[in-house]
Each structure stands twice: as C-alpha cells, then as structure tokens.
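Reading through the structure tokens given below for one structure.
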Amino acid sequence: MKPYIPSPTHPWNEKQINLVARRLGFGCSLFDINLYLNSTPGVLIDEIVDGASSMEVTPAPEWGQWDNKQFNSSGKNKGHYHTLWQKQAFNDLLKNGFRERLALFWSNHFVIEYRDVNQPAYLYQYYSLIQTHALGNFKTFVSEMGLAPAMLRYLNGYENKKNSPNENYARELYELFTLGEGNGYTQEDITETARALTGYNSYKTYLGVIEFDDNTFDKGSKTIFGRTGIWGYTDVIDILFEEKKDLIAEFICTKIYRYFVSPNPNSSIISAMANTLKEQSFELLPVLKQLFKSEHFYDSVNNNVIIKSPIDLMLGLHHSLSFEYPDNVDLELDLRNKCRDMGQEIFSPVDVAGWQGNHDWINSETLPKRWEFSDYLLIKYWQKNKNQFKSLIQSLVSVDETDLRTIVIQLKDFMFCPFEIKEEELDEAINTFIGEVPESYFEDGTWSLRSNSVSKQVYDLMRFLITLPEFQLK
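For any residue, its number in this note's numbering is found by taking its place in the sequence shown, counting from 1, and adding 653.
Listed below in structure tokens is the structure:
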C-alpha cells in the first residue's frame, strides 16, 4: 500500500494513465492522456477524487418531487419519466467521470429496481442521494439510504408495522449492504431489527413524502447483537456500526477492491483499507485515495482481470476515441438501449443482489451483441466524419511512419489494456489495415499516413480489433 512513485523500472506512462481512466472513469481521450503525462500519480488521483467530491448533484427535474396524482395528471405514463432519468444518468456518466463511476457502483450495492418502485420522483431522489454520499461517510450513507422512499418501497419498509412486521429491509441491511451473507448476524437479529425499523409508512399524499408514524412503531423492547432496549431506526444504525465495525469495514473494502482492482481479493491490501476506513470513522474518501495511490493498484498483475460491463464497453470506446457522433441520433438513449440489450439496464439490476459482473457479463447471447454494438459505434462515427479516423492515427504515430507493424501496434496499445497480441492476430490485423491498397504502394513509397485511403484503413482495422477477446477486458 506504499504510494506509487514512478521509477525507470515502473514509469508513469500512457498505460498507467489509461488504467486510472478506465478504472476510475470510463476511459479518456488521447488529449487527456498527453495532459496527464505532465502530472504525477498522486496529484492526478487527488484531482480526480477531490473533483468528484466537490461536484454538485444533478439538478432536480420539474417532476422530481411529484406525487402519484401529479404524475397521473401529467398526460404521460411513468415509463416516460423513467426513460428520461435513465437518459439523464447516461448524460452524467458521459460527463462526470469518477463521481458517476461511484454512483454506478453504489447503485449496484444499494439496489433498487425502478419498475418495482414505480415512482419516477423516488428514482430521482434515490440517485441524488447516491451522488451526495458516494464519497462521504458510509455510516451516514447507510442510514439515509434506508429511509429513501425508493428503498422503503422496494424492500417493503413502508409495509413494516408493529402488528405486521416485514423483514425484507432488515435482512438486506445485513446481508447485502453492510455485513455479507450469514456474516455476524442471526435470524433473531433480523427479526428484532425489523421491529426496530417499523413506523416509516405514512404518506402525506400517495407516493409522495413518506413520514414516520408513531402509531405503527413497535415500542417494545428488542435485542439486537446482544444489546437490549426500546430501539428505533437510529439505534439500529448506531448498534450495527459499534458492534460490527470490523466486519462492515472488511465487507465494504472487499467489494470496493473487487470492483476497482481485481475480482481476486488480496487480503493484506483489503485489511489495510479496512483499518483506514475504521480509523477515519467510515469516511470513504481517504480509503479510495489510499487505494488509488498505492503501488498495488498499478501492479501489472491487476491488468486485464476485469471484464468490462456493457456500460464500460460502450462508454469506454466512446471516451477513448472522442469522435463526433451524428447530430440526428440521441446518444444517451442509444447508449441506454444498447447497454440494456447487453444485460445492464441502469436502475434495473437483475435482482436485489445486483449484477455480479465479470464472467456473468459474457454468454452466448451477449458476446455477439458486444461485437455488434461496439461496431455500431464505429459505424456511427464513420457516418458522421470519416476524417476523424485518419486524424487519430496521425496523432498516435508520426505521419512519416510507414512500418505497418508499428502503426497497428500503436493503435492496439491505445485501444486496449496492455497485452501481447498473438502473431497470427497481428498478421490478420496488418492484412486488414492493408485492405484494398496495392501492396506495391507500401514498397515503393506511394503510400503514407497522409494518403486518402487511411481513414478507411483505420476504420477497418478498428472494426477488426474490437473483435479480439482482450477488448472485453480492462
């Protein structure tokens, strides 16, 4: 966990910058890479994390506080507003980098499924809460999330009353949100916790603000983690973080590590992160900075070990190329629809446990779609402006470079995480790049990167490269 200090044997270069960009955000352009080369790892991480921490939440839409009656009288169905907010989320993902990377991470931790909630204003409020606390205090995050209307609806907290307790949220509070399945709690703890969480079921107006109702709160004595009292909601959170802080810290740090570093947990690194989380009273920002500045984060053993999610795949290609997109195409809706078709519909994970990621993203149905939709982006770029393909290769390689192997490898290195391409694949890539250009042109000096054919050559080469298995990795 020592800070990464660049050295001749471990230099700060384009590969390391791309690692940061792909893990903390969704890739970055060649312009940004060249800019970050003049920085240092520690300074760049501070800039990214502090920038995300100070970012304002997405402004509320006009319907952000509507109740059910207002939606019903709006003239549009709720699906219309859900789609609007999914598009807004993709707009944020495209623009906000690390803060939205975290928002995506936490929305797959504190899971809701928007169709089950069926209240667009709750969806906005839920997302705003995630943006607010994504880099804040985890205990506060847990406390406020449990009272979010979307969560009260999704996990039946609004049905939890003294005469008919509902255990759904109490169970997931421990199993999914803080401790892990079967880790440090019993069924009795769940039952008693559910009683302590009763009372949040009063609507001012239907599907509007949900308030506490003292008449539905269980005022009896409860025993939670061995502590007995007339506990309520705040007491549950306090007891949980006092009695189980070691388990919480390890569980959350393991989840952060798996998402940002590797699906193969490193116990010593996670232990160091957990200690920092506890020492900092569950403030998330110091832990994330510690991890992203560490030597371990940049270790080559952690390259190409995470399979891109559909959102990673599409946004990563779009960000890295930074190409123009057709004006008549709704980019956010396009991305939302394509990612949904590959199995990642934002605000609608597969179940309460969320997307498990990595190998779960790849199957016989989704892999062809990954090729098809990556190709779809390239086709759209080509339709908009063919010359941007030529401009990119001229930025990556000297315009006087004529060695085809060098040109192909430079583009491969820019588009991929570090990997050694197989010779047969390199040969096929070179042949694809040559395309219909007569081979004699490469031998007699007729061809150069200034040639009119280059845009189509680069376009065809990219369409080949995105079919390689390693393009699915980050």
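Beta carbons are placed, not taken as given, at the ideal position from N, Cα and C, and that holds for glycine.
Item: Can you tell me the Cα-Cα spacing of F1026 and K991, whole angstroms?; Value: 7 Å
Item: For Y853, does the three-state DSSP call read helix, strand or coil?; Value: strand
Item: Decide if T929 is buried, meaning its Cβ has at least 16 other Cβ atoms within 10 Å, or exposed.; Value: buried
Item: Output needed for K814: all residues of its chain with C-beta closer than 7 Å, excluding positions within five of it in sequence on either side, in chain order.; Value: T851, N854 and T869
Item: Under the three-state reduction of DSSP, which class applies to R880: helix, strand or coil?; Value: strand
Item: Any chance the segment 971 to 985 sits against the segment 1036 to 1044, with 3 or more Cβ pairs inside 8 Å?; Value: yes
Item: On the three-state DSSP scale, how would you describe L690?; Value: coil
Item: Assuming K1127 and R676 are in contact, meaning their beta carbons sit under 8 Å apart, how far apart are those beta carbons, in whole angstroms?; Value: 7 Å
Item: Going by other Cβ atoms of all chains shown within 10 Å of its Cβ, with 16 needed for buried, is T711 buried or exposed?; Value: buried
Item: For P1122, count the other beta carbons within 10 Å of its own beta carbon; 16 or more makes it buried, fewer makes it exposed. Which is it?; Value: exposed
Item: Pick out whichever of S920, T693 and E1077 has its Cα sitting closest to the Cα of I658.; Value: T693
Item: What separation, rounded to the nearest whole angstrom, lies between the Cα atoms of I1015 and E1081?; Value: 25 Å
Item: Check whether the segment 769 to 785 touches the segment 734 to 745, taking contact to mean three or more Cβ pairs, one atom from each stretch, closer than 8 Å.; Value: yes
Item: Considering only residues of the same chain and omitting the five flanking positions on each side of P1021, which have a CB-CB separation below 6 Å?; Value: none
Item: Can you tell me whether DSSP reads L1126 as helix, strand or coil?; Value: strand
Item: DSSP puts S817 in a beta bridge; with which residues?; Value: K814
Item: Starting from F865, follow the beta strand (DSSP E) in both directions and report where the run begins and ends.; Value: I863 to F865
Item: What's the call for K729, buried or exposed, on a 16-neighbour Cβ count within 10 Å?; Value: exposed
Item: Assuming contact is defined by CB atoms lying nearer than 9 Å, are I843 and E820 in contact in what I supplied?; Value: yes
Item: Just curious, the alpha helix (DSSP H) that G732 is in, first and last residue?; Value: K731 to N749
Item: Indicate whether Q784 and A756 have their beta-carbon atoms separated by less than 9 Å.; Value: yes
Item: Under the three-state reduction of DSSP, which class applies to S973: helix, strand or coil?; Value: helix
Item: Inspect the CB distances between the segment 756 to 766 and the segment 1000 to 1015 and report whether three or more fall short of 8 Å.; Value: yes
Item: Which word fits G873, buried or exposed, when buried means at least 16 other C-beta atoms lie within 10 angstroms of its C-beta?; Value: exposed
Item: Do the segment 681 to 700 and the segment 1095 to 1109 make contact, defined as three or more Cβ pairs closer than 8 Å?; Value: no
Item: Closest to Q1047 by C-alpha separation, out of E825, V1111 and S727, would be which residue?; Value: V1111
Item: Where does K961 fall in DSSP's three states?; Value: coil
Item: Could you give the DSSP three-state label for N1016: helix, strand or coil?; Value: coil
Item: How about S1128 and V1090: do their beta carbons lie closer than 9 Å?; Value: Since the first residue of the chain shown is 654 and the last is 1127, residue 1128 is not available in this structure.
Item: The alpha helix (DSSP H) with S921 in it runs from where to where?; Value: S920 to E932
Item: Within 10 angstroms of its Cβ, does I890 collect 16 or more other Cβ (buried), or is it exposed?; Value: buried
Item: Enumerate in chain order the residues of its own chain whose CB-to-CB distance from P818 is below 8 Å, with the five nearest sequence positions on each side excluded.; Value: T844, A847, R848, T851 and D871
Item: Roughly how many angstroms lie between the CA atoms of F1067 and S1108, to the nearest whole one?; Value: 17 Å
Item: Examine the ligand PLP and report whether any of its heavy atoms sits within less than 8 Å of the Cβ of N819.; Value: Absence of the ligand PLP from the depicted structure is noted, as is the absence of any ligand whatsoever, leaving it without description.
Item: Tell me the DSSP secondary structure of E834 in three-state form.; Value: coil
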